[in-house]
Amino acid sequence: MITLGFLTVQAEHEIIYATKLAKRAADFGIKIIRFCPTDIEPASLSIEGRLYDSSKDQWVIKKTELPSFIYDRCFYQNNSLSPKSRPIVQWLKSNPNITFLGMGLPNKGEVYEAIKKHSTLSAYLPPTEKIANSIQIIDYLRKQEKCVLKPLNGSGGRGIILLELYSKKVDLTYHHGKNKQTKSFYSLKELESFCHSLMQKQSYLVQPLLQLKDSSGYPFDIRYLLQKNEHGKWTFKGDGVRRGYKGSFLSNLASGGEYISYQDWAATLTPFQKVVFEDEIKTILEELPPYLDKTFPSLFELGIDIGVSDDSCIWLLDINSKPGRQIILKNEAHKQKDEIYEAPLKYCRYLADKQETKDIRS
């Protein structure tokens with residue numbers, strides 16, 4: 145039986161998702177073991193993980209060898225475990241005896257530079273600059289008056305900052321969970337000093353503030369989930385619209401956003417707008433995944449976030465190689481939910497069979 149490791153930074157992270165997989169795993173000749181990078185014993189290359197026991201419907205502690213296949217669901221945040229975990233995961237990825245379902249994407253800057261080289265997809269990218277120093281932020285703000293700073297390695301809307309230049313002050317707005325916080329600066333020198341301190345902690349990209357609001361004035365974006373199937377081919381798994389609250393500049397669920405169905409949002413478009421929009425989305429969803437697959441190491445799944453500005457321009461806002469499923473599962477029928485939970489198992493089986501065939505031939 146194949147062992148698939150479900151890897152997370154914190155032991156209880158995504159336990160519901162892991163359990164959904166584990167309950168289905170035996171049907172594919174797979175057993176699931178949950179573990180963290182810090183659970184690895186370097187000397188013996190063994191782990192103390194948590195193995196799902198279907199007879200008891202619970203996870204039991206189990207000491208075992210490193211699994212041959214790993215599903216990486218590590219999210220690195222501002223906690224004590226993240227800096228310890230990241231290098232261990234990189235070490236695991238370099239182990240020739242371990243196969244990751246997906247190697248993940250690099251930072252947002254590298255992904256942006258790669259897509260910028262694509263003749264079709266580049267047209268959907270918002271103008272983006274990597275910030276080299278705090279003066280660059282001030283110069284950019286002077287020209288644009290409103291801009292957004294995005295962490296190079298951020299996800300889920302965390303760490304995104306809105307800057308707005310007024311005649312006598314600059315407002316800096318960010319989200320702390322669902323709560324929006326605003327700090328005002330009354331001189332550019334004061335703001336520059338703050339930005340300098342900010343950049344000591346992490347790197348940022350800067351973009352103009354796009355007017356991504358629906359007809360009622362709510363910020364929104366559309367999430368598309370794609371996963372590889374049992375034949376290693378990209379398949380569309382679902383979509384959903386995330387809508388923030390009025391006065392917010394983010395639509396992420398973690399930042400107070402809510403779910404509405406794609407069908408409800410699409411009903412606000414004219415027939416012509418809908419045809420044009422869906423034709424462009426078809427182009428993006430057909431061309432982007434295989435292009436990223438060729439450009440970066442192997443991928444398994446992608447969450448693609450699309451924005452539509454008030455002038456009907458379509459923008460490729462973000463691409464996540466460790467997407468959440470909450471927005472998709474809210475909208476999908478029971479059968480489709482099963483497919484989403486079975487996808488990692490089917491793809492793991494595909495990789496194992498492919499590896500076995502290769503070993504036989506060699």
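Each residue of the sequence shown is one higher than the one before, counting from 145 in the working numbering. Glycine is no exception: its CB is placed at the ideal position from the N, C-alpha and C atoms.
Considering only residues of the same chain and omitting the five flanking positions on each side of G248, which have a CB-CB separation below 7 Å? D216, S465 and K466
DSSP-derived helix/strand/coil call for I304: coil
Kindly confirm or deny that the region 418-435 and the region 369-384 touch, where touching means at least three C-beta pairs closer than 8 Å. yes
State the DSSP-derived secondary structure class of T414, mapped to helix, strand or coil. coil
Of the listed residues L307, I366 and G303, nearest to I404 (C-alpha basis): I366
Roughly how many angstroms lie between the CA atoms of D454 and F393, to the nearest whole one? 14 Å
Residues in the same chain with beta-carbon distance under 6 Å from A496, minus the five sequence neighbours each way, listed in chain order, please. I146
Proximity below 8 Å, CB of G173 to CB of P211: no
How should Y330 be labelled, buried or exposed, when 16 other C-beta atoms within 10 angstroms of its C-beta is the threshold for buried? exposed
Starting from F440, follow its DSSP beta bridges and name the residues at the other end. According to DSSP, F440 bridges with nothing at all.
Mind pulling the beta strand (DSSP E) runs of 3 or more residues that sit fully within the region 305-335? 305-309, 314-320 and 323-329
Below 8 Å, can you find three or more Cβ-Cβ pairs linking the region 329-344 to the region 266-273? no
Classify I425 as helix, strand or coil using the three-state DSSP reduction. helix
Would you check if there are 3 or more beta carbon pairs closer than 8 Å linking the region 349-368 to the region 444-463? yes
D283 in three-state terms, based on DSSP: helix
Using a Cβ distance threshold of 8 Å, determine whether the region 222-242 contacts the region 179-191, with at least three qualifying pairs required. yes
Less than 8 Å between the C-beta atoms of L309 and E289, yes or no? yes
When burial is assigned at 16 or more other CB atoms within 10 Å of the CB, is A507 buried or exposed? The chain is shown only over 145 to 506; residue 507 falls outside these bounds and no answer can be derived.
Going by CA-CA distance only, name the one from V350, S395, K490 and G401 that's closest to G253. V350
Chain-order list of residues whose beta-carbon lies under 8 Å from that of D358 (same chain, five-residue window excluded): F364, R387, W409 and T412
Closest to L332 by C-alpha separation, out of K207, F416, I425 and L307, would be which residue? L307
Below 7 Å CB to CB, which residues in the same chain sit around I471 once its five sequence neighbours on both sides are set aside? R367, G384, R386, L397 and Y403
So the alpha helix (DSSP H) E158 belongs to, where does it begin and stop? Unbroken run through E158: none, as it is neither H nor E.
If you scan the region 180-242 from start to end, which runs of the beta strand (DSSP E) of 3 or more residues do you find wholly inside it? 190-197, 202-209 and 213-216
Which residues DSSP lists as bridging F393, in chain order: According to DSSP, which records beta bridges pairwise, F393 is partnered with nothing at all.
Leaving out five residues on either side along the sequence, give the residues of the same chain with a beta carbon under 8 Å from the beta carbon of P271. Q351 and P352
beta-carbon L249 near the ligand PLP non-hydrogen atom, thresh 7 Å: Within the structure as shown, the ligand PLP is missing, as the structure has no ligands at all.
Counted within 10 angstroms of its Cβ, other Cβ atoms place S395 as buried (16 or more) or exposed: buried
Hey, could you find the ends of the alpha helix (DSSP H) G468 is sitting in? Premise fails: G468 is in no alpha helix (DSSP H) and is neither H nor E.
8 Å contact criterion, which K372 and F444 should meet: CB distance rounded: 6 Å
Residue span of the beta strand (DSSP E) that contains E445, given as start and end: E445 to V452
D408 by DSSP, collapsed to three states: which one? helix
Going by DSSP, name the residue or residues bridged to G400. DSSP output for G400 lists no bridge partner at all.
Confirm, please, whether the CB-CB distance from K175 to L151 is below 8 Å. no
For G468, decide whether its Cβ has a neighbour in chain D, counting only Cβ atoms nearer than 8 Å. Chain labels in this structure do not include chain D; a single protein chain is all it has.
Give me, in chain order, the residues of the same chain whose beta-carbon lies closer than 8 Å to that of E336; leave out the 5 immediate sequence neighbours on both sides. S278, I279, I281 and I282
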